[in-house]
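Colleague:
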Amino acid sequence: MGDTTMLGLIALWFVEVSFAETVKSSAPVFTVLIARVVLGEKTSLLVNLSLIPVMSGLALCSAFELRFTLIGLMASLATNLSECLQNVFSKRLLNVEKYEPLHLQFYTSLSSIVVQIPCVLILVDLPHFLHSLQTEKNLLLTYILAGLSFHCQSYTEYILLNMISPVTHSVANTAKRAFLIWLSVIIFGNAVTTQSWIGTAFVISGVFVYNKARHYSSTKSISDLNYNPLIQTETHTV
């Protein structure tokens with residue numbers, strides 16, 4: 045969790061919120077690859093083809109982003125990879141090892157402290173930080189609210205992962221990211237090109253197409269499994 049948070053903040057430092065969230069919308073692609081390697085879960089050709097619009101939209105957004113930096117792109121992609129790894133392994137712990145969501149929240153928070161304290165000591169200008177706390181009255185409250193909201197978000201995600209698959213969780217996150225993209229444009233006034241809007245639409249639409257393709261493939265697999273024993277029974281009877 046610590047590296048995911050840190051990479052996400054690095055991405056926001058170098059690129060706009062709208063671009064970072066568009067890149068993160070490709071999370072189902074990472075989840076498919078990780079689930080295949082870690083859990084041995086295979087995907088059909090139709091599902092793989094449905095990922096093309098996602099990657100095409102991501103490329104379009106990157107090409108026409110006004111504030112594009114390679115560091116921001118790589119940090120956003122690394123955030124995706126780290127978050128998807130966390131979700132897949134968390135699902136394994138919840139289902140196989142029978143951990144409770146509260147247990148995962150405690151252990152990941154503890155590991156985040158271990159990861160982030162050295163980073164804070166090395167990267168953060170502590171005298172400037174303390175001075176900012178004294179001069180800006182709302183800064184401490186902002187930090188507290190950010191920490192509490194992230195804690196609630198993280199705990200809620202573990203509860204959801206206990207009920208749904210990591211891929212479904214990634215796809216559901218796309219709706220949240222679409223809302224964040226629009227909200228960032230409204231609140232921060234981020235300049236977004238027409239091509240970037242088209243690319244964003246490609247990414248979001250592609251993820252929903254992917255979800256439909258995956259649902260169709262799962263339904264077809266179940267139908268095939270139910271059909272084959274019926275054929276064998278009829279053949280045996282004859």
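At position 222 of the sequence shown (counting the first as 1) the number is 266 in the working numbering, and the numbers step up by one without a gap. Glycine included, C-beta positions come from ideal geometry on N, C-alpha and C.
#1: Indicate the three-state DSSP secondary structure (helix, strand or coil) for Thr113 in the structure shown.
#2: I believe Val140 touches Thr75 by the beta-carbon criterion, under 8 angstroms. Please report the beta-carbon distance rounded to the nearest angstrom.
#3: Specify the secondary structure class of Tyr143 as computed by DSSP and reduced to three states.
#4: Just verifying my parser: in three-state terms, what is the DSSP assignment at Asn255?
#5: By Cβ distance, which residues of its chain are closer than 7 angstroms to Ser88, with the 5 residues on each side in sequence left out?
#6: Taking only the alpha-carbon atoms, compute the straight-line gap between Gly191 and Thr49 and give it to the nearest angstrom.
#7: Return helix, strand or coil for Val168, following the three-state DSSP convention.
#8: If you check the beta carbons only, do Val82 and Tyr254 fall under 8 angstroms apart?
#9: Leaving out five residues before and five after Leu125 in sequence, what residues of the same chain have Cβ atoms less than 6 angstroms from its Cβ?
#10: Please classify Asn217: is it buried, with 16 or more other beta-carbons within 10 angstroms of its beta-carbon, or exposed?
#11: Report the rounded CA-to-CA distance for Gly243 versus Gln178, giving the unit in angstroms.
#12: Excluding sequence positions up to five away, which residues of its chain have a Cβ less than 7 angstroms from the Cβ of Leu121?
#13: Alpha carbons only, please: which of Ser100, Ile115, Lys86, Gly101 is nearest the one belonging to Trp57?
#14: Return the residue from the list Ile248, Lys264, Gly233, Gly250 that minimises the CA-CA distance to Glu60.
#15: Between the C-alpha atoms of Leu138 and His147, what's the straight-line distance to the nearest angstrom?
#16: Looking at Ala119 and Ile188, is the spacing between their C-beta atoms short of 8 angstroms?
#17: Output yes or no for whether 8 angstroms exceeds the beta carbon distance between Ser134 and Tyr199.
#18: The alpha helix (DSSP H) that contains Glu65, what's its start and end?
Modeller: Let's see:
#1: coil
#2: Rounded, the Cβ-Cβ distance is 18 angstroms, inconsistent with contact.
#3: coil
#4: Three-state DSSP puts Asn255 in a helix.
#5: Ser261
#6: 11 angstroms
#7: Coil.
#8: no
#9: Phe74
#10: buried
#11: 43 angstroms
#12: Val67
#13: Ile115
#14: Gly233
#15: Roughly 10 angstroms between the two C-alpha positions.
#16: No; because the gap between Cβ atoms is not below 8 angstroms, this pair is not in contact.
#17: no
#18: 61-68
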